[in-house]
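K.L.:
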Amino acid sequence: MTSFVTAQTLKAWLHDGAEIALFDVREHGQYGEAHLFYAIPLPYSRLEIDAPRLAPRRAVRMVIYDDNDGVAERAAERLNAIGYSNVHVLQGGAQGWAHAGFTLFAGVNVPSKTFGELVEMAYHTPRVTARELAAMRERGDDVVIVDGRPVSEYLKMTIPSSICCPNGELGLRIRELVPDATTPIVVNCAGRTRSIIGAQTLINLGIPNPVMALENGTQGWYLEDLPLEHGSTRRYPDVIAPATIKDMREASQQLATRFAVPEVDAATLARWVAEGEHSLFLCDVRTPEEFANGSLPGAQHAPGGQLIQATDQYVGVRHARLVLFDADGVRAPIVASWLRQLGHDAYVLRDGLNSNASLPAPTATLPQPLPEISAQALAGALAAGTAHVIDLRPSMAFRRAHVPGATWAIRPRLPALAADRDTVLIADDPRIAQLAAADWAAHAPQAASRLKLLAGGIAAWTAAGYATEGSDSAPPDADCIDYLFFVHDRHDGNKAAARQYLAWETGLLAQLDAQELGAFRVGAAAVQP
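Sequence positions in the sequence shown follow the numbering used here and run 682 to 1210.
#1: For D1109, which of helix, strand or coil comes out of DSSP?
#2: Candidates D993, R967, D1072, R952: which alpha carbon is nearest W1142's?
#3: Nearest CA to the CA of G898: which residue from A924, E813, G975?
#4: Does M802 come out as helix, strand or coil in the three-state DSSP assignment?
#5: By how many angstroms is the C-alpha of A1008 removed from the C-alpha of P831?
#6: Quick check: E801 and A894, are their CB atoms within less than 9 Å of each other?
#7: I'd like to know if the stretch 1035-1053 and the stretch 969-983 are in contact, where contact means that at least 3 CB-CB pairs between them fall below 8 Å.
#8: Look up Y1147 in the DSSP assignment and give the residues it is bridged to.
#9: Taking Cβ to Cβ, would you say T864 is nearer than 9 Å to V809?
#10: Would you tell me roughly how many angstroms separate the C-alpha atoms of Q711 and Y1164, rounded to the nearest one?
#11: Going by C-alpha distance, which of V998, R1021, A991, N1035 is nearest F1006?
#12: If you pair each beta-carbon of the stretch 965-972 with each one of the stretch 689-709, do three or more pairs fall below 8 Å?
#13: Cutting at 8 Å between CB atoms, please list the residues of its own chain near R916, excluding the five before and the five after it.
#14: So which of D1103, R1074, L1047, I1091 has the shortest CA-CA distance to A1064?
#15: Taking the runs of the alpha helix (DSSP H) that are 4 residues or longer, which of them lie wholly in the stretch 761-819?
#16: Classify P847 as helix, strand or coil using the three-state DSSP reduction.
#17: Can you tell me whether DSSP reads L836 as helix, strand or coil?
#18: If you check the beta carbons only, do V998 and L735 fall under 9 Å apart?
#19: Using a Cβ-Cβ cutoff of less than 6 Å, which residues in the same chain neighbour E708 once the five nearest sequence positions on both sides are dropped?
#20: What residues in its chain sit with their C-beta under 7 Å from that of A1206, if we drop five residues either side in the sequence?
#21: Quick one: give me the first and last residue of the beta strand (DSSP E) that V1004 is part of.
#22: Where do the N-terminal and C-terminal ends of the beta strand (DSSP E) with I866 fall, by residue?
#23: Express the C-alpha separation of F972 and Q1209 in angstroms, rounding to a whole number.
#24: By Cβ distance, which residues of its chain are closer than 8 Å to G829, with the 5 residues on each side in sequence left out?
#25: Of all the beta strand (DSSP E) runs that stay within the bounds of the stretch 1008-1044, which reach a length of 3 or more residues?
#26: Please report how far the alpha carbon of V706 lies from the alpha carbon of V752, in whole angstroms.
#27: Spatial neighbours of A983 within its chain, please: C-beta separation below 7 Å, excluding the five flanking residues on both sides.
#28: Quick one: give me the first and last residue of the beta strand (DSSP E) that L963 is part of.
#29: Going by alpha carbons, who is nearest to A788 out of P1126, A1058, L1183?
#30: Looking at E910: is its Cβ nearer than 9 Å to the Cβ of I866?
#31: Quick one: any contact between the stretch 1103-1117 and the stretch 1051-1071, if contact means 3 or more CB pairs under 8 Å?
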């Protein structure tokens, strides 16, 4: 039987200091339009795939919510079935929260972006406008522009002459990019948060150079009709001088002391695991290449800059213990200093990659794989009228190209299956199809027995030479609950969307209540217990 909690009870739980996993089980577009401040996105279409990673302790206190449409109750059943023992559903869903007088927030990564605004306010982070930076470049001033975003984002667009160095790497690599102590450094991102955090990171480390955040990032640059660069490949150096590592490690340790970042050893982590009383996350904050070359058992890759910027993509439990590590003693303490100011219980792992620490790897409990059908066999079945295709890929991917005659669907809103022919599913991730198939099987076992999965997905279909079709309006916008239309084209030439986004970001602080605001520990407050 489903356990329900009121909005008032949930509000009290969120601020009682005990662990809580608050999950929004709606799809990404629904979440991004209006959600609770501390909600972690866990769409029902991926529920059993992502829950073990985001909430590894199955006894954790958990609250889930929907649009008051029954999806959360279905999700609660599934979570109970895979071992979660303390699951509650928010009465009335997101609307119930709003009706109780509490605020719903638009956008994604809201706590982290709110934090960026707080950091600028608390530290008075220096900033430079797009026009001022453009004038510096036109005069030929000696200035280094560092883009603090991941390489994948940098490739799309950046400020001309900038060098990609994600925020989590700045402390380790900045001296290789700017060896002297006088050249001004400007940190940019696409909007505001990472520019501010990147610049303030260097300032907190005691870098003597003048350091500034580019106000409003690439969007601010574009809004001033200044040209962006696309496809740039300039990036941080892989090799760092040993003397530089030593100097930056000392600066990082001083920062950790300033913000009372605790250190934990492998034995203590093992004891925490054995006790089973806390949700534990072991986070490797190094680069993707370093992580791919080997990490600690049970660690997740959480690049330092992104762990600050998008904490909710890596950690699903409020008040969990986050144990960070690197291989140099520079990056993890810096990231932990920010996470503690964000209000998280963050630690640095002593000896890092060489600690021999480990966590049990979270494992997903999934239904049986589906029988597969080849592209050639599917083409024959479609020609004979003995099969129908249901496409479970993202709605925007379906709009671009799909098998002719296919129906788009998503797990919370599955259509009825035809009983007189096979249904072939297409999914980018076969696990998505397995979860949908299990839901069908629960309600129409006979029809579900005729489900198959297209081997190799849409890529195999096109590689075999078969045609696809697309449409800008199918599925219609109202059905695309997995896609966030909110200022989605702010980086694609829509100045109104860019202005709306920047206004949204600067307006976040005014929407917080006293408890939400008080949970941050920015600046001097970060050292308080």
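Just so you know, even glycine gets a beta-carbon here, dropped at the ideal spot from N, CA and C. Everything numeric in this text was worked out from a predicted model, so none of it was measured.
P.N.:
Quick answer:
#1: Looking up residue 1109 in the sequence shown gives position 428. The answer is coil: DSSP assigns D1109 none of H, G, I, E or B.
#2: Translated into positions along the sequence shown, residue 1142 becomes position 461. Ranking the options by Cα distance to W1142, first place goes to D1072.
#3: For the purposes of this step, residue 898 is identified with residue 217 of the sequence shown, where counting begins at 1. Comparing Cα-Cα distances from G898 to each of A924, E813, G975, the minimum goes to E813.
#4: For the purposes of this step, residue 802 is taken as residue 121 along the sequence shown, with counting starting at 1. It is helical.
#5: The residue labelled residue 831 in the question sits at position 150 within the sequence shown. The residue labelled residue 1008 in the question sits at position 327 within the sequence shown. Distance between the alpha carbons of P831 and A1008 is about 19 Å.
#6: The sequence position of residue 801 within the sequence shown is 120, counting from 1. The sequence position of residue 894 within the sequence shown is 213, counting from 1. Result yes, Cβ atoms of E801 and A894 sit closer than 9 Å.
#7: yes
#8: Your numbering for residue 1147 matches position 466 in the sequence shown. BP columns for Y1147 are empty, so no partner.
#9: The residue you call residue 864 lines up with position 183 of the sequence shown. The residue you call residue 809 lines up with position 128 of the sequence shown. Result no, Cβ atoms of T864 and V809 do not sit closer than 9 Å.
#10: In the sequence shown, the residue the question calls residue 711 occupies position 30. In the sequence shown, the residue the question calls residue 1164 occupies position 483. The alpha-carbon atoms of Q711 and Y1164 are separated by roughly 8 Å.
#11: In the sequence shown, counting from the first residue as 1, residue 1006 sits at position 325. Ranking V998, R1021, A991, N1035 by CA distance to the CA of F1006 puts N1035 first.
#12: no
#13: Residue numbering aside, residue 916 sits at position 235 when the sequence shown is read from its first letter. Counting only Cβ-Cβ distances below 8 Å, and skipping sequence neighbours, we find V832, Y835, I844, C845, C846.
#14: In the sequence shown, the residue the question calls residue 1064 occupies position 383. For A1064, the nearest C-alpha among the options comes from D1103.
#15: DSSP runs (the alpha helix (DSSP H)) wholly in the stretch 761-819: 774-780, 791-804.
#16: Taking the sequence shown and counting its residues from 1, the one referred to as residue 847 is at position 166. Looking at P847 - three-state DSSP - the assignment turns out to be coil, as it is neither helix nor strand.
#17: Indexing the sequence shown from 1 puts residue 836 at position 155. If DSSP states are grouped into helix, strand and coil, L836 belongs with the helices.
#18: For this step, residue 998 is matched to residue 317 along the sequence shown. For this step, residue 735 is matched to residue 54 along the sequence shown. Contact flag set, yes.
#19: What you label residue 708 is simply residue 27 of the sequence shown in a count that begins at 1. Result list for E708: P724, I1162, D1163, in chain order.
#20: As a position in the sequence shown, residue 1206 is number 525, starting the count at 1. Only weak support is given to the placement of A1206: the predicted model assigns it a pLDDT of 49, under 50, and the question is left unresolved by the model.
#21: The sequence position of residue 1004 within the sequence shown is 323, counting from 1. In this chain, the beta strand (DSSP E) harbouring V1004 covers 1002-1006.
#22: Counting from 1 along the sequence shown, the entry for residue 866 is found at position 185. Under the DSSP assignment, I866 falls in the beta strand (DSSP E) whose first and last residues are 866-869.
#23: Numbered from its first residue, the sequence shown carries residue 1209 at position 528. Numbered from its first residue, the sequence shown carries residue 972 at position 291. Residue placement at Q1209 is flagged as unreliable, the pLDDT there being 38, under the threshold of 50; a coordinate-derived value is accordingly withheld.
#24: Mapped onto the sequence shown, residue 829 falls at position 148. Around G829: C846, P847, N848, L851, V868, N869, C870, R875, S876, I878, G879, G986.
#25: 1026-1030
#26: As a working note, residue 706 is residue 25 in the sequence shown. As a working note, residue 752 is residue 71 in the sequence shown. Between V706 and V752, the C-alpha separation is close to 7 Å.
#27: Working through the sequence shown from its first residue, we reach residue 983 at position 302. Correct list, in chain order: C964, D965, V966, Y995.
#28: Your numbering for residue 963 matches position 282 in the sequence shown. First-last of the beta strand (DSSP E) with L963: 961-965.
#29: Locating residue 788 in the sequence shown gives position 107, where the first residue counts as 1. Note that residue 788 is Gly in the sequence shown here, rather than Ala. Of the listed residues, the one whose Cα sits closest to G788 is L1183.
#30: What you label residue 910 is simply residue 229 of the sequence shown in a count that begins at 1. What you label residue 866 is simply residue 185 of the sequence shown in a count that begins at 1. Against a cut-off of 9 Å, the Cβ pair of I866 and E910 comes out as no contact.
#31: yes
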